[in-house]
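Engineer: Got a structure for you, questions after.
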Amino acid sequence: MPCGIGCLCMDDSERTREEIFTAMGRCLHAWGFVELEIANLFMILQGIRRDAYTHPMRAAFEAVIALPVRLAMIGAYVEADRTLADYLPHVQPLKTKIRKQYEKRHEIAHALVAREMTPSGLKASLRPFVTMYGYSQKRGAQLSLDQINDRTKAFNALADRIRRHVQSVGAIRGLPADFYASPGEVAFTPLGPDDLVAHGK
Numbered sequence: 238m239p240c241g242i243g244c245l246c247m248d249d250s251e252r253t254r255e256e257i258f259t260a261m262g263r264c265l266h267a268w269g270f271v272e273l274e275i276a277n278l279f280m281i282l283q284g285i286r287r288d289a290y291t292h293p294m295r296a297a298f299e300a301v302i303a304l305p306v307r308l309a310m311i312g313a314y315v316e317a318d319r320t321l322a323d324y325l326p327h328v329q330p331l332k333t334k335i336r337k338q339y340e341k342r343h344e345i346a347h348a349l350v351a352r353e354m355t356p357s358g359l360k361a362s363l364r365p366f367v368t369m370y371g372y373s374q375k376r377g378a379q380l381s382l383d384q385i386n387d388r389t390k391a392f393n394a395l396a397d398r399i400r401r402h403v404q405s406v407g408a409i410r411g412l413p414a415d416f417y418a419s420p421g422e423v424a425f426t427p428l429g430p431d432d433l434v435a436h437g438k
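In this text, residue positions in the sequence shown follow the numbering used here: the first is 238, and each later residue adds one.
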């Protein structure tokens with residue numbers, strides 16, 4: 238009988254286990270685009286092409302690893318730039334949404350795929366912040382394959398939301414379209430009242 242977290246025995250749960258590993262990778266990959274769009278937003282706020290990847294300002298921003306600090310930099314910049322007064326009310330809801338999703342990203346990044354016996358048979362799940370004591374006592378959160386896939390969709394939606402901010406700020410600044418959008422990219426509607434809440438799209 239499989240012995241738990243470290244067991245490599247083949248059984249009916251092995252397929253789900255491998256699917257969870259794949260889903261974890263896709264989920265973290267989706268979050269990578271969130272980080273990319275945050276950097277793009279910082280560039281556009283300053284009127285710099287979002288794809289100026291070798292620009293010193295981008296290099297400086299990306300040297301800051303901590304996401305809360307990056308978000309604080311964006312908030313401080315917008316607050317200090319009076320030409321962005323119309324955009325300022327949209328910053329805090331976006332930051333709140335990013336922080337909430339960032340916590341969900343941590344649950345994917347800091348987890349183990351565990352298998353345990355249940356009344357319906359051996360079951361594989363993702364265990365965020367797992368400890369062996371908690372596992373032995375059947376404590377702690379568990380994420381199913383569907384829940385991981387839902388987070389991937391949520392991260393993709395968040396990247397789109399930030400991309401919409403990038404386009405809106407570019408328009409507010411009166412920048413050439415190729416500064417903040419690529420040919421063939423989805424043209425998002427401008428930010429409006431619905432975007433003043435963290436749960437907005």
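A virtual CB, placed ideally from N, CA and C, is assigned to each residue, including glycine.
Take G377 as the anchor and find which of A351, K390, A260, I385 has the nearest alpha-carbon.
Structural biologist: Answer by Cα proximity: A351.
Engineer: According to DSSP, is G373 part of a helix, a strand, or is it coil?
Structural biologist: Checking the displayed sequence, the identity of residue 373 turns out to be Ser instead of Gly. Reduced to three states, the DSSP call for S373 is helix.
Engineer: Taking only runs of the alpha helix (DSSP H) that begin and end inside the region 364 to 425, which ones reach a length of at least 4 residues, in chain order?
Structural biologist: Taking only runs of at least 4 residues, the alpha helix (DSSP H) segments lying wholly in the region 364 to 425 are 369 to 373, 382 to 410, 414 to 417.
Engineer: What alpha helix (DSSP H) runs, 4 residues minimum, are completely inside the region 282 to 308?
Structural biologist: Counting only runs of 4 or more, we get 293 to 299.
Engineer: Tell me the residue span of the beta strand (DSSP E) that contains L349.
Structural biologist: Taken as a continuous stretch (DSSP letters only), the beta strand (DSSP E) holding L349 covers 348 to 355.
Engineer: Does the distance from the CB of I335 to the CB of R388 come in under 8 Å?
Structural biologist: For I335 and R388, no; Cβs fall outside 8 Å.
Engineer: Relative to the C-alpha of R295, which candidate in R319, L273, V315, A313 has its C-alpha closest?
Structural biologist: Measuring from the Cα of R295, the nearest candidate turns out to be L273.
Engineer: Which class does L331 belong to by DSSP, given the choice of helix, strand or coil?
Structural biologist: Correct three-state label for L331: helix.
Engineer: Excluding the 5 residues preceding and the 5 following Y370 in the sequence, name in chain order all residues of the same chain whose CB lies nearer than 7 Å to its CB.
Structural biologist: Excluding positions up to five away in sequence, the list is empty.
Engineer: Tell me, to the nearest whole angstrom, how far the beta carbon of R287 is from that of V423; I am working on the premise that it is less than 8 Å.
Structural biologist: R287 to V423, Cβ: 15 Å. No contact.
Engineer: In or out: M354 buried (at least 16 other Cβ within 10 Å) or exposed?
Structural biologist: Looking at its Cβ environment, which holds fewer than 16 other Cβ atoms inside 10 Å, M354 is exposed.
Engineer: I need the DSSP call for M247, collapsed to helix, strand or coil.
Structural biologist: Its pLDDT being 49, under 50, M247 is placed unreliably in this model, and the value from its coordinates should be taken loosely. Of the three classes helix, strand and coil, the one that applies to M247 here is coil, per DSSP.
Engineer: Would you check if there are 3 or more beta carbon pairs closer than 8 Å linking the region 378 to 387 to the region 399 to 418?
Structural biologist: Cβ pair count under 8 Å is below three, so no.
Engineer: Roughly how many whole angstroms lie between the Cα atoms of T327 and N393?
Structural biologist: The question names Thr, yet the displayed sequence has His at residue 327. If I take the Cα positions, the gap works out to 20 Å.
Engineer: By Cβ distance, which residues of its chain are closer than 7 Å to L433, with the 5 residues on each side in sequence left out?
Structural biologist: Counting only Cβ-Cβ distances below 7 Å, and skipping sequence neighbours, we find P326, H327, P330.
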